[in-house]
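For the sequence shown, the working numbering assigns the number 54 to the initial residue and increments by one for each residue that follows. Ideal placement from N, C-alpha and C gives every residue a C-beta, glycine not left out.
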Amino acid sequence: MKKWITSHGLIIYQVLSGRSNSFLVSSNDKFFLIDTGRASSWKKLSKNLDGILGENQLSCLILTHTHFDHCENATKIKEKYNCKVIVHECEANYLKNGDSPLPKGTNILTRFLINFIGKRIQSRYNYDPVHLDIAVDEKFDLNKFGFQAYIIPTPGHSPGSISLIIDDELAIVGDAMFGVFKWSVYPPFADDTQLMIQSWGKLLETGCVTYLPGHGTEISVNLLKKQYAKNNRN
């Protein structure tokens with residue numbers, strides 16, 4: 054299992070990889086989870102969490118956004134670990150209804166998939182409704198949970214996309230960027246690409262040097278800087 058350790062000793066475990074990533078953050082004996090993956094990955098996710106948590110509690114589940122591939126196990130996580138669920142307020146109703154609106158495509162292929170196929174199979178991407186505990190709409194400090202970390206809105210991929218800034222060194226960014234290709238961080242799907250690129254600028258301002266996306270592998274600050282300079286039109 055891959056993990057990252059910050060200069061102040063916070064540990065980030067990658068508890069799911071493959072189609073969707075999920076990360077568990079540890080600070081001493083406190084833990085929070087970011088995203089939950091597809092329903093088909095439940096056994097692997099649960100096993101990995103139990104192996105790390107032991108007798109410790111899971112403080113909260115933070116959802117970077119409410120698309121199905123990040124939320125399908127959210128209800129099971131809440132039921133099993135009795136943790137609080139945090140999401141951006143503008144996607145709260147999607148979570149409560151188990152609704153996963155599909156984002157727009159950002160290239161010819163993905164636009165075709167969404168426009169001609171996606172709408173016909175929209176209902177397949179719904180998931181079990183999730184009870185929400187905390188809705189955020191701006192910077193949200195996680196010190197109250199015992200973590201040197203905070204949440205910031207990073208919209209663009211979806212209206213309520215959020216990212217986690219950990220120890221001012223590492224960011225967990227959901228689908229604000231993709232780590233599938235070594236030369237690009239541009240996601241194949243996004244509702245508002247210009248807003249997404251503005252969010253890249255906001256993430257660069259945090260001073261983080263490593264970015265962990267919802268799909269693919271870690272992204273360096275140097276690659277993000279190059280991609281931001283290439284795509285920013287302001």
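Check: Is the region 97 to 113 touching the region 146 to 158 in the sense that three or more CB pairs, one from each, lie closer than 8 Å?; Outcome: no
Check: If contacts are defined as beta-carbon pairs under 8 Å, then LEU248 and LEU277 qualify, I think. What distance do you get, rounded to the angstrom?; Outcome: Actually they do not touch by this definition, with Cβ atoms about 16 Å apart.
Check: Specify the secondary structure class of TRP253 as computed by DSSP and reduced to three states.; Outcome: helix
Check: What three-state label does DSSP hand TYR180 in the structure shown?; Outcome: coil
Check: Do you know how far the Cα of LEU162 is from the Cα of LEU223?; Outcome: 32 Å
Check: Say whether the region 65 to 84 touches the region 105 to 116, bearing in mind that this needs 3 or more beta-carbon pairs closer than 8 Å, one atom from each stretch.; Outcome: yes
Check: Per DSSP, which residues does VAL189 bridge with? Please list them.; Outcome: HIS141
Check: Let me check understanding here. Comparing Cα to Cα, which of GLY269, GLY158, ASN275 lies closest to LEU69?; Outcome: GLY269
Check: If we count the other Cβ atoms within 10 Å of its Cβ and call it buried at 16 or more, is ASP220 buried or exposed?; Outcome: buried
Check: Between ALA243 and GLY209, is the Cβ-Cβ spacing less than 8 Å?; Outcome: yes
Check: Need the endpoints of the beta strand (DSSP E) that LEU155 sits in, please.; Outcome: Element bounds for LEU155: n/a, residue is neither H nor E.
Check: Taking its Cβ as the centre, do 16 or more other Cβ atoms sit within 10 Å of LYS131, making it buried, or is it exposed?; Outcome: buried
Check: How many Å lie between TYR180 and HIS61 at the Cα?; Outcome: 37 Å
Check: Looking at the unbroken beta strand (DSSP E) that takes in TRP57, where does it start and where does it end?; Outcome: 56 to 58
Check: Taking buried to mean at least 16 other C-beta atoms within 10 Å of its own C-beta, is ASP194 buried or exposed?; Outcome: exposed
Check: Take VAL274 as the anchor and find which of THR246, LYS235, LYS192 has the nearest alpha-carbon.; Outcome: LYS235
Check: How far does the alpha helix (DSSP H) with TYR134 in it extend, from its first residue to its last?; Outcome: 127 to 134
Check: If we call anything under 8 Å between Cβ atoms a contact, is CYS143 one with GLY227?; Outcome: no
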